[in-house]
Structures are given as structure tokens and as C-alpha cells.
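In my numbering, the protein residues as written are 229 to 559.
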């Protein structure tokens with residue numbers, strides 16, 4: 229997200245209006261005593277060597293399916309939905325590890341403001357290394373031309389169901405948390421933020437709007453926790469509408485939004501078409517060479533590591549292999 233905001237100085241004295249406002253905020257889903265209006269702990273997972281071997285096996289299965297489908301120009305092979313989620317989970321965890329290293333801070337405390345390009349670069353490059361073709365897109369102009377710039381990734385995976393093979397589309401956004409920052413939502417009497425580009429009158433941050441939408445809180449909770457979510461038409465509408473509504477200037481910046489203001493007239497299907505459109509694709513802010521050489525980011529997948537170890541093993545002498553086995557036995 230790239231938006232500079234100027235904060236209003238709020239009165240220190242708590243008035244009856246403040247008490248009433250806070251009561252409404254609680255009803256609307258805001259969580260008190262937190263840096264965020266929706267405080268969801270991101271899932272953090274450490275992988276054992278055995279778990280990484282399992283991920284590598286799924287990768288290998290995915291690449292075989294992709295190659296087979298490409299060779300016959302048809303969806304004939306895929307992986308299980310749980311296997312796809314395992315690959316996406318590892319991809320997100322890899323990005324989250326890099327976020328933590330870069331900021332030297334606990335992930336649950338990080339706002340992740342300004343990290344979207346970095347997160348997109350890591351996840352997109354990792355998914356490419358798995359043999360996938362991720363969509364490299366930005367909220368502006370893909371979803372809303374007046375919105376702030378925010379980089380994210382979408383990707384299709386071939387999924388094997390009982391009846392058929394189908395491509396499922398997933399949204400991967402490892403920095404979505406920045407849109408739920410309390411101090412950027414609660415300016416201007418808890419309802420609106422100021423932005424000079426819109427005459428200092430603009431609707432609330434994206435997270436506020438999502439909490440007003442049907443199933444919005446459930447959508448946000450899953451995406452904040454996991455870093456990815458299936459991009460169904462319903463989910464695409466929640467995600468897209470939030471950015472569209474937050475970029476809309478209003479005449480009265482202190483007036484409580486009415487329910488009819490949640491209507492954008494755009495369906496989730498249209499957002500998905502834009503996200504997957506070739507015309508909307510962008511260059512990655514951080515490519516694989518820059519990530520590895522400049523930022524020392526690891527975008528090597530478990531399968532790549534497995535193949536590397538196998539190659540090294542092939543060049544080892546019998547004595548070296550015996551020493552390696554003895555070393556592993558001692559450990």
C-alpha cells in the first residue's frame with residue numbers, strides 16, 4: 229500500500245459522543261485494546277525435514293500434472309485440494325519468515341505496511357519455481373483505478389475431485405493486515421481518514437468496509453490467518469469492493485455510512501476477469517535475482533532442495549557417503 233495520510237488531532241476529553249461512537253464500533257466488529265480493528269494472529273509454522281520431503285513430493289506430483297496437461301492441451305491430471313493448500317501454506321510461510329527477518333519483529337505485531345511488493349515478489353517467484361504461472365497484479369488499476377497501489381498474487385492450481393479435474397483460483401496476499409490498522413481507520417471521529425488526493429475527504433480504510441459486509445469478517449479472518457484463500461466470486465467481490473469503497477470521496481466525512489453505500493454495482497466475476505486478464509499483469513517489483521542477491525531471500529522450493537541434495541549425493545565418494553550416514557546416525 230502506498231498512501232500518505234495526515235492524522236487529525238483528536239480531543240483528549242472523552243465526551244458522550246465518543247462513548248456512543250465506541251459502542252457502535254463494538255457492535256460493528258471492532259476489537260478494543262489492539263493495534264488492529266480485527267486482530268487475527270497469522271499462522272506460523274516450522275517445518276521438519278520429513279514435512280519438507282512431503283511438500284517436495286507434492287511439488288513433484290504437481291509438476292507432472294502440469295506437464296501432462298500442457299502436452300495434451302487439456303485438464304487431465306491434478307493434485308488433491310489438501311495438497312494444493314499445503315503448497316500455498318508453505319509458500320506463505322516462506323514469505324512470512326522473510327518479513328520477520330527483514331523487520332526483526334514478531335509477525336503478529338507487524339503492520340506490514342509497505343511490504344506488499346516484497347511479499348508479492350517472494351510468493352510469485354516461489355510459485356513460479358513450483359512450475360505454476362501466477363498472476364502478478366496490483367489493486368490499482370486491476371480492481372480500482374483510484375485506489376492505493378497494493379501488490380498481490382493470484383494463482384490457478386489443477387485440482388483432482390471425485391468427478392473431474394478443475395482449476396481453482398487462489399488469492400495470495402501476505403500483507404493484507406495493513407488494512408486493519410486502528411490508527412489509520414479511526415482518524416476523523418473513527419469513521420474516515422484524510423487524504424489530500426481526495427480533498428481530505430475519503431471513506432475509511434479497506435478493513436473497515438470489509439467488517440460491514442456480509443461474510444466479510446469470515447473472509448478477512450481466513451486471509452489474515454492463512455495468507456491465502458480460494459478466490460470464489462463471493463470472496464473476489466469482498467476483496468475488490470473493499471478497495472473500491474475505500475477510494476471513494478465523500479461530501480460528509482463524519483457521516484456514518486449507510487448500508488446502501490456498500491453497493492458498488494460490480495460483481496465478483498468481473499473482479500476475477502480483471503485479475504486474470506493478460507492486460508492487467510505487471511512486472512514483479514522484486515525479481516528472483518534481486519531477492520536472492522540483494523536481499524538474500526530464499527525462494528528455493530523443497531523440491532529444488534531435494535534435487536540439489538540428490539545431485540550432490542551423486543558426486544560424493546563412497547567414503548563421503550559413509551561419513552554422512554554416520555553423522556546422521558549420531559544426530
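Note that CB positions come from ideal geometry on N, CA and C, so glycine has one too.
Since the model is a prediction, treat every value here as computed from it, not as a measurement.
The secondary-structure analysis by DSSP pairs residue 436 with nothing; it has no beta-bridge partner. Taking a cut-off of 8 Å for Cβ pairs, the segment 332 to 341 and the segment 372 to 382 do not touch, as fewer than three such pairs fall below it.
DSSP links residue 388 through a beta bridge to 393. Using a Cβ-Cβ distance cut-off of 8 Å, the segment 498 to 508 and the segment 321 to 329 are not in contact, since fewer than three pairs of beta carbons, one from each stretch, lie closer than that value. For the pair residue 264 and residue 408, the CB atoms are nearer than the 7 Å cut-off. Here residue 432 is not near residue 293, since their CB atoms are 7 Å or more apart. Rounded to whole angstroms, the gap between the alpha carbons of residue 512 and residue 451 is 22 Å. Cβ-Cβ separation between residue 316 and residue 400: approximately 7 Å, consistent with a contact (criterion under 8 Å).
Within the model, the alpha-carbon separation for residue 363 versus residue 458 is close to 14 Å.
Beta bridge pairing from DSSP links residue 456 with 400. In its chain, beyond the 5 residues on either side, 434, 437, 438 have a beta carbon closer than 6 Å to the beta carbon of residue 470. For the pair residue 384 and residue 394, the CB atoms are not nearer than the 7 Å cut-off. Using a 10 angstroms sphere on the CB of residue 321, the tally of other CB atoms reaches 16 or more, which defines it as buried. Under the three-state reduction of DSSP output, residue 526 falls in the coil class, being neither helix nor strand. In this structure, the beta-carbon distance from residue 366 to residue 510 falls below 7 Å. Residue 453 and residue 271 have their C-alpha atoms roughly 5 Å apart. For residue 268, there is no enclosing alpha helix (DSSP H), as DSSP marks it with neither H nor E.
A straight line joining the alpha-carbon of residue 504 with that of residue 448 spans about 22 Å. In the three-state reduction of the DSSP assignment, residue 409 falls in the strand class. The residues 306, 307, 308, in chain order, have a CB closer than 7 Å to that of residue 388 in the same chain once the five nearest residues on each side in sequence are set aside. Judged by DSSP secondary structure, residue 366 falls within the beta strand (DSSP E) whose first and last residues are 363 to 366.
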